[in-house]
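*Asks:* A single structure is presented below for examination.
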């Protein structure tokens, strides 16, 4: 296979992944581990039942600080930033004027007028330019901290038990979608009780140069408890089972926030934000399409990302993400379908390599952890 | 990784001539490693015939799907029934328990099949 030589970006853990014999892939221009020798199924299972450790240093971090910071983040995102307490995080998005997605992101409130915006790796440069462009005339600074920042995600029911012995910061009081600053294994971290797997867990942000030491300390502490290094392969199946959106799949610049099932991050009554007028108009009219969960009915029928949804030989929608689900043991997926078909128990057809196969619309999320 | 008694295709199937006009067909160690955890193998019925290079089934892993192409003109005699319940055999033992179909060869073996040495060279070029 001839490949065009492109210099992939590397996280501070690149050598660590290679030492662990990870299978590396090009993920949005980053050289990232898709799986380690245990494999996607074992890594997925570890996160659901014990714990997995992910390198997410490729994610982008943008800090907005200064007297105009709150006003800027309110203007840029549809969720209600004023409701965030200091030390709290929420899921939100950058939207275009037409209500479609620039990206989805997490907003961390570090202070009254200081926010850390954590964005997708592949959109990081676009997002930084987007924030800078809208910051003009606003009294605040916008700094791209991505290159200086490492991030690892410890996910799974044993996460607290693995992490607590490494830090003096009490972890139990940190609520879901809250964060604090502390030291883990002697390394200064932002300790965030968040994740992209549907399990309890923490995302730890640190200086890029400390990332490998942090990774090694957490791996060493967790290994006896069954912690596995976990790659992007299981990150995808884990987030899919929980119906968490992935940019380029469930959301992009052709899909608006309401049809994506993300009305809960759109606070139309909070005041002005980019995309509000379009979403107000969209809300007033019946939505032509909706994101639904489905399962195919036969074991051999495994739908995949971007396959067409068909009816009477005509394409009526498309699959955004699909895979055999390791936890649920069925072949499931998410798809945009016409609203009149988007009813639980309803049948749709997916075109798999030229064959239209039956699928049933089922409730989402497909998996929800027992709390 | 590259048993000497097998013939290989450029798209990572192997064929093992049994010396009596029949052969076993499967996918290589390299192929199973690239696919990752195999969760389903879709195979044809005994009695079906496939031409050289023709698709005779698919192998599905958690993350992707790959076509299975017949290495040489052949008729299906038997499919490996254990793969229905144990698709992981393809990962664990691609040249043994993970075989996929037993075929009766029709005519001479395809001229483009590779021997172990040539296949190893191909794989080493692909992975660099």
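Protein chains in written order, with our numbering: chain C, 716 to 1086; chain Y, 311 to 438. Glycine included, C-beta positions come from ideal geometry on N, C-alpha and C.
Which one or two residues does DSSP pair with residue 979 of chain C in a beta bridge?
*Replies:* BP columns for residue 979 of chain C are empty, so no partner.
*Asks:* Are residue 927 of chain C and residue 728 of chain C close, meaning C-beta to C-beta below 7 angstroms?
*Replies:* Closer than 7 angstroms, so yes.
*Asks:* Check whether the segment 1058-1068 of chain C touches the segment 387-401 of chain Y, taking contact to mean three or more Cβ pairs, one atom from each stretch, closer than 8 angstroms.
*Replies:* They do not touch, by the three-pair rule.
*Asks:* Taking only runs that begin and end inside the segment 890-922 of chain C, name each unbroken beta strand (DSSP E) of 3 or more residues, in chain order.
*Replies:* The qualifying runs are 894-899, 902-907 and 916-922.
*Asks:* Taking the alpha-carbon positions, what's the residue 752 of chain C to residue 851 of chain C distance?
*Replies:* Roughly 48 angstroms separates the two Cα atoms.
*Asks:* Distance cutoff 7 angstroms, beta carbons only. Does residue 825 of chain C sit that close to anything in chain Y?
*Replies:* False, the Cβ-Cβ gap to chain Y never drops below 7 angstroms.
*Asks:* Near residue 773 of chain C, which residues of its chain fall below 6 angstroms by C-beta distance, leaving aside the five closest residues on each side in sequence?
*Replies:* Hits under 6 angstroms: 726, 745 and 836.
*Asks:* If you follow the beta strand (DSSP E) that residue 429 of chain Y is in, where does it begin and where does it stop?
*Replies:* From DSSP, residue 429 of chain Y is part of no beta strand (DSSP E) but of the alpha helix (DSSP H) over 426-436.
*Asks:* Measuring only the C-alpha atoms, how far is residue 1082 of chain C from residue 834 of chain C?
*Replies:* Their Cα atoms are separated by approximately 25 angstroms.
*Asks:* Which class does residue 340 of chain Y belong to by DSSP, given the choice of helix, strand or coil?
*Replies:* Of the three classes helix, strand and coil, the one that applies to residue 340 of chain Y here is helix, per DSSP.
*Asks:* Assess, as a yes-or-no matter, whether the segment 318-334 of chain Y is touched by the segment 1019-1034 of chain C under the definition of 3 or more beta carbon pairs within less than 8 angstroms.
*Replies:* Flag = no, the segment 1019-1034 of chain C and the segment 318-334 of chain Y do not touch.
*Asks:* Using a Cβ-Cβ distance under 7 angstroms, would residue 373 of chain Y count as near chain C?
*Replies:* It does; some Cβ of chain C falls within 7 angstroms.
*Asks:* Among the residues of its own chain, which have a CB less than 7 angstroms from the CB of residue 420 of chain Y, if the five just before and after it don't count?
*Replies:* 362, 381 and 382, listed in sequence order.
*Asks:* Measure the beta-carbon distance from residue 1033 of chain C to residue 1050 of chain C and round it to whole angstroms, keeping in mind my assumption that it falls under 8 angstroms.
*Replies:* Sure, about 6 angstroms apart at Cβ, within 8 angstroms.
*Asks:* Consult DSSP for residue 757 of chain C and reduce its assignment to one of helix, strand or coil.
*Replies:* Residue 757 of chain C falls in the helix class under three-state DSSP.
*Asks:* Please list, in chain order, the chain C residues whose beta carbon lies closer than 7 angstroms to that of residue 347 of chain Y.
*Replies:* Near residue 347 of chain Y (Cβ distances below 7 angstroms), the residues of chain C are 754, 755 and 756.
*Asks:* Tell me where the beta strand (DSSP E) around residue 1033 of chain C begins and ends.
*Replies:* Run containing residue 1033 of chain C: 1029-1039, per the beta strand (DSSP E) assignment.
*Asks:* Can you list, in chain order, the residues of the segment 1002-1018 of chain C whose Cβ is nearer than 9 angstroms to any Cβ on chain Y?
*Replies:* Result list: 1014, 1015 and 1017.
*Asks:* What number of angstroms, rounded off, separates the C-alpha of residue 716 of chain C from the C-alpha of residue 435 of chain Y?
*Replies:* Residue confidence for residue 716 of chain C is low, a pLDDT of 43 falling below 50, so the modelled location carries little weight; the figure read from the coordinates is stated next. Their Cα atoms are separated by approximately 8 angstroms.
*Asks:* Give the residues of chain Y in contact with residue 870 of chain C, contact being defined as C-beta atoms less than 9 angstroms apart.
*Replies:* None at all; the shortest Cβ gap to chain Y is about 18 angstroms.
*Asks:* Going by other Cβ atoms of all chains shown within 10 Å of its Cβ, with 16 needed for buried, is residue 931 of chain C buried or exposed?
*Replies:* With fewer than 16 other Cβ atoms within 10 Å, it is exposed.
*Asks:* Alpha carbon to alpha carbon, how far is residue 417 of chain Y from residue 749 of chain C? Give it in angstroms, no decimals.
*Replies:* Taking the straight line from one Cα to the other gives about 42 angstroms.
*Asks:* What are the boundary residues of the beta strand (DSSP E) that residue 1075 of chain C is part of?
*Replies:* 1070-1077 is the extent of the beta strand (DSSP E) around residue 1075 of chain C.
*Asks:* Is the beta carbon of residue 429 of chain Y sitting closer than 7 angstroms to the one on residue 313 of chain Y?
*Replies:* No. Outside cutoff.
*Asks:* Straight-line CA distance for residue 1024 of chain C to residue 1052 of chain C?
*Replies:* Going by the C-alpha atoms only, they are around 7 angstroms apart.
*Asks:* DSSP three-state call for residue 726 of chain C: helix, strand or coil?
*Replies:* The answer is coil: DSSP assigns residue 726 of chain C none of H, G, I, E or B.
*Asks:* Name the chain Y residues that come within less than 8 angstroms of residue 1041 of chain C, Cβ to Cβ?
*Replies:* Simply 372.
*Asks:* Pick helix, strand or coil for residue 717 of chain C, following the three-state DSSP scheme.
*Replies:* Reliability of the predicted coordinates at residue 717 of chain C is poor, the pLDDT of 45 falling under 50, and no value is obtained from them.
*Asks:* Buried or exposed, going by whether 16 or more other CB atoms sit within 10 Å of the CB of residue 705 of chain C?
*Replies:* The structure shown does not extend to residue 705 of chain C, since chain C is modelled only from 716 to 1086, so the question has no answer here.
*Asks:* Please report how far the alpha carbon of residue 365 of chain Y lies from the alpha carbon of residue 352 of chain Y, in whole angstroms.
*Replies:* Roughly 11 angstroms separates the two Cα atoms.
*Asks:* Tell me which same chain residues have a C-beta within less than 7 angstroms of the C-beta of residue 1031 of chain C, skipping the five on either side of it?
*Replies:* Only 1024, 1025, 1052 and 1053 meet the Cβ criterion.
*Asks:* So residue 1038 of chain C contacts chain Y; which residues on that side make the cut at Cβ distance below 8 angstroms?
*Replies:* Within 8 angstroms Cβ-Cβ: 372 and 373.
*Asks:* Assuming residue 745 of chain C is part of the beta strand (DSSP E), what are its boundary residues?
*Replies:* Run containing residue 745 of chain C: 745-750, per the beta strand (DSSP E) assignment.
*Asks:* Under 7 angstroms, Cβ to Cβ, is there at least one residue of chain C near residue 403 of chain Y?
*Replies:* Output row for residue 403 of chain Y: interface = no.
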